[in-house]
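For the record, the sequence lines run as chains A and B.
Residue 4 is where the first sequence starts when you use the working numbering, and the numbers rise one by one after that.
Residue 127 is where the second sequence starts when you use the working numbering, and the numbers rise one by one after that.
Ideal placement from N, C-alpha and C gives every residue a C-beta, glycine not left out.
In this text, all values refer to a predicted model and were calculated from it rather than measured experimentally.
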Amino acid sequence: MSAEGDEAIQRLIALMARLPGLGPRSARRAVLQLVKKKGALLLPLAEAMREVAETARECVNCGNIATRDLCEICADPKRRTGQICVVEDVADLWAMERAQVFRGRYHVLGGTLSALDAVGPEELRIPRLVERVREEEASEIILALAATIDGQTTAHYIADQLPGTSVTSLAQGVPVGGELDYLDDGTITAALKARRAL
Amino acid sequence: MTPGDQADPGPDDRSGARLRLEALLLSHFRSHRRVRLSFDGRPVALYGPNGAGKTNLIEAVSLLSPGRGMRRASAEDLSRRPEGLGWKIAAGTAGPDGTHEIETWAEPGQSRSVTLDGKAAPQVALGRVLRVLWLVPSMDRLWIEGAEGRRRFIDRAAMSFDPAHAEVALAYDKAMRERNRLLKDMVRDAAWYAALEGRMAQAGAALEAGRAAAIARLMAAQGAAETAFPAADLALEHPERLIEDEEALRAALAEGRPRDMAAGRALVGPHRSDLRAVWRAKGVAASDASTGEQKALLISLILANARALAQDLGAAPILLLDEVAAHLDAGRRAALYDEIAALGSQAFLTGTGAELFDTLGARAQYLEVTEAEGASVVEERPAP
Ligand SMILES: Nc1ncnc2c1ncn2[C@@H]1O[C@H](COP(=O)(O)OP(=O)(O)OP(=O)(O)O)[C@@H](O)[C@H]1O
Ligand SMILES: [Mg+2]
Ligand SMILES: [Zn+2]
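Structure follows, in structure tokens:
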């Protein structure tokens with residue numbers, strides 16, 4: 004036995020330490036808390052994790068994380084406003100939702116075009132986006148992509164695939180290489196309001 | 127007026143505005159184990175035998191600007207051997223915008239890190255605190271070797287005027303590498319090419335504009351100055367076609383796709399531009415000038431760059447002149463010292479013997495660099 008308890012606990016610490024924002028030290032502290040508060044914390048957490056593990060999947064429509072085939076946003080008819088906001092990552096979608104300014108739907112690319120990293124249009128659900136624009140009769144595609152070369156190449160590529168559809172881009176303010184996730188709600192609101200045609 | 131009579135700007139006069147290093151600490155940096163130095167703002171002359179560690183010391187100063195320094199070394203190479211424990215440079219600077227603390231270091235196997243005034247900072251932030259220009263012996267062949275060195279030379283000048291030039295260059299390079307990969311993989315998605323060519327054209331036009339602006343500044347600064355060094359007429363050229371307009375570059379790239387695919391790379395664009403220099407008074411290309419004349423041309427350009435920057439910033443940049451004195455005849459050498467003094471630049475000069483600096487006199491600080499027990503020793507000395 005080591006200083007940090009038996010094998011199962013060690014394994015839990017090692018797994019926790021792989022989470023973003025946690026290192027070995029904070030993982031040890033977290034596990035200690037969980038074990039001490041078994042009824043209030045550990046069991047409900049285990050239960051919640053099992054449930055998410057069994058149900059979590061990608062929304063077949065937009066790529067958001069969902070517990071059914073369609074995410075809550077895609078399942079909500081009120082959010083079919085004709086606007087689709089294209090983001091790189093689910094974290095960006097959540098950031099937009101937190102800001103509570105956008106009432107339409109999303110499309111999660113899961114990355115940006117990069118020949119050097121072997122990420123092409125197919126890997127990014129861009130063909131699916133083109134279909135959706137037709138199916139959902141979208142009137143505006145709002146690109147919320149990073150101001151990096153890859154982000155901007157992706158933006159222009161998407162615009163090229165959607166002739167006749169209005170394609171706009173969030174105003175400057177999305178940090179270079181930075182995710183929307185790092186912006187506060189006010190900045191996101193301002194960037195959305197000041198969006199420009201690409 | 128003899129050179130020795132030149133007003134000594136020294137520690138007090140003008141020192142408020144003079145851009146300078148005030149303190150430098152080297153730790154396990156190349157041949158230096160641990161060296162702590164302080165400077166008063168005057169030029170710094172370093173002398174000592176071959177291999178003592180003079181160039182290493184000013185290379186450390188060059189790393190107080192963004193990039194890989196004047197030898198373009200990897201972080202690994204800078205670490206003192208055989209220990210290989212990583213290295214660190216700490217510097218205190220002063221200038222028109224006040225004082226700053228810079229630290230830069232690399233742990234073994236890691237890339238280099240920077241803190242500015244105690245906070246982690248990207249390397250580009252250094253360009254906004256200090257401006258450092260250099261002339262090193264490997265540049266002696268600048269005019270006769272490949273275009274890459276000349277592109278780097280003009281890009282460095284452009285960056286000194288506008289630190290954002292570095293970001294534009296990186297953006298262009300990234301978009302071009304992406305497109306080259308598409309070409310090599312024989313991808314035929316026209317929209318993907320078009321998207322990348324749009325990025326290349328945007329960054330590429332800005333890149334050529336930055337170079338053209340730098341050339342204009344250098345030429346103006348050469349023309350305006352009373353100098354013993356020959357003025358050069360500079361121009362950008364391109365083995366195929368020099369394209370400075372964004373739309374034209376975009377169109378040329380689109381049109382050139384089949385040819386580029388056969389070549390596996392882009393054939394037009396600023397990554398192939400070249401810098402041509404013609405000795406104004408003689409009308410001969412720099413590449414046809416004598417060795418000493420080529421050196422004099424380079425010095426002329428560096429001094430012009432420094433003068434133009436001094437105008438922008440209200441303070442001359444730091445100059446690193448490695449082994450410059452040795453290649454000049456006595457007259458030009460004295461003229462160089464006078465110009466450095468007139469500029470008010472904290473220039474770091476190296477040479478093997480103190481006598482190379484005799485006409486510099488009390489206008490400079492002197493450091494003797496020697497080697498003892500496998501490490502460089504740096505000691506302050508009186509003026510020769
Ligand atoms: N990473 C390193 N670790 C230890 N020593 C190094 C390292 N890199 C270079 N050196 C040594 O530092 C010594 C001094 O080099 P430097 O180029 O500074 O000499 P110098 O004083 O400029 O000499 P010269 O007059 O010949 O130009 C050289 O002997 C070189 O081998
Ligand atoms: Mg040397
Ligand atoms: Zn969905």
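Margin query: Quick check: the Cα distance between A143(B) and A251(B), rounded to an integer number of angstroms?
Written below: Distance from the CA of A143(B) to the CA of A251(B), rounded to the nearest whole angstrom, comes to 20 Å.
Next item on the list: Express the C-alpha separation of I369(B) and L322(B) in angstroms, rounding to a whole number.
Entry: Roughly 17 Å separates the two Cα atoms.
Next item on the list: Could you give the DSSP three-state label for W318(B): helix, strand or coil?
Entry: Helix, per DSSP.
Margin query: Assuming the contact rule is C-beta atoms closer than 8 Å, M19(A) and A33(A) should be a hit. Round their C-beta distance to whole Å, please.
Written below: That pair is a contact at about 6 Å.
Item checked: Within chain B, partners of G160(A) - CB distance below 7 Å -> The sequence shown places Tyr at residue 160(A), not Gly. Under the 7 Å cutoff, chain B gives A317, W318, A321.
Item checked: Residue from Q472(B), E497(B), A392(B), A456(B) with nearest C-alpha to F483(B) -> When only C-alpha atoms are compared, the closest one is A456(B).
Check: Is there at least one Cβ from chain A nearer than 8 Å to L308(B)'s Cβ?
Finding: Yes, because at least one Cβ of chain A sits closer than 8 Å to the Cβ of L308(B).
Next item on the list: Below 7 Å CB to CB, which residues in the same chain sit around G114(A) once its five sequence neighbours on both sides are set aside?
Entry: Cβ within range, chain order: E91, V122, E126, L127.
Margin query: Three or more C-beta pairs under 8 Å: does that hold for the region 421 to 429 of chain B against the region 379 to 393 of chain B?
Written below: In short, these stretches do not touch, since the Cβ pair count stays below three.
Check: What are the uninterrupted segments assigned as alpha helix (DSSP H) that are 4 or more residues long and contained completely in the region 59 to 133 of chain A, given in chain order?
Finding: Counting only runs of 4 or more, we get 75 to 78, 93 to 102.
Next item on the list: State the Cα-Cα distance for the pair E143(A) and L25(A), rounded to the nearest angstrom.
Entry: If you draw a straight line from the Cα of E143(A) to the Cα of L25(A), it is about 39 Å long.
Checklist line | Per DSSP, the bridge partner or partners of F474(B) | finding: DSSP lists V170(B), L446(B) as partners of F474(B).
Note to self: What does the alpha-carbon distance come out to for the pair V240(B) and L183(B)?
What the structure shows: As the crow flies, the alpha-carbon of V240(B) is around 18 Å from that of L183(B).
Next item on the list: Could you name the residues whose beta carbon sits closer than 7 Å to any heavy atom belonging to ligand 2, keeping them in chain order?
Entry: Those residues whose C-beta sits under 7 Å from the nearest heavy atom of ligand 2 are, from N- to C-terminal order along the chain, K180(B), T181(B), D448(B), E449(B), T476(B).
Check: Can you tell which of K310(B), S188(B), V161(B), P208(B) has its C-alpha closest to the C-alpha of G543(B)?
Finding: Nothing can be reported for residue 543(B): it is not among the residues displayed for chain B, which extend from 127 to 510.
Next item on the list: Can you pull the chain B residues whose beta carbon is under 7 Å from the beta carbon of S117(A), in chain order?
Entry: Within chain B, the residues near S117(A) are E304.
Next item on the list: Report the three-state DSSP secondary structure of I161(A) (helix, strand or coil).
Entry: In this structure, DSSP gives I161(A) a helical state, which the three-state scheme calls helix.
Next item on the list: Could you give the DSSP three-state label for F279(B): helix, strand or coil?
Entry: F279(B) falls in the helix class under three-state DSSP.
Checklist line | Cβ neighbour criterion (16 or more within 10 Å) applied to R14(A) | finding: R14(A) comes out exposed.
Check: Per DSSP, A498(B) is paired with what?
Finding: For A498(B), which the question treats as bridged, DSSP gives the partners A501(B).
Checklist line | Nearest-angstrom Cα separation, counted from V504(B) out to R146(B) | finding: Cα to Cα, the separation comes out at about 19 Å.
Margin query: Output needed for G440(B): all residues of its chain with C-beta closer than 7 Å, excluding positions within five of it in sequence on either side, in chain order.
Written below: Cβ neighbours of G440(B) beyond the five flanking positions: A143, P222.
Check: Which full runs of the beta strand (DSSP E) of 3+ residues lie inside the region 304 to 392 of chain B, going along the chain?
Finding: If we require 3 residues or more, the beta strand (DSSP E) runs fully inside the region 304 to 392 of chain B come out as 358 to 363.
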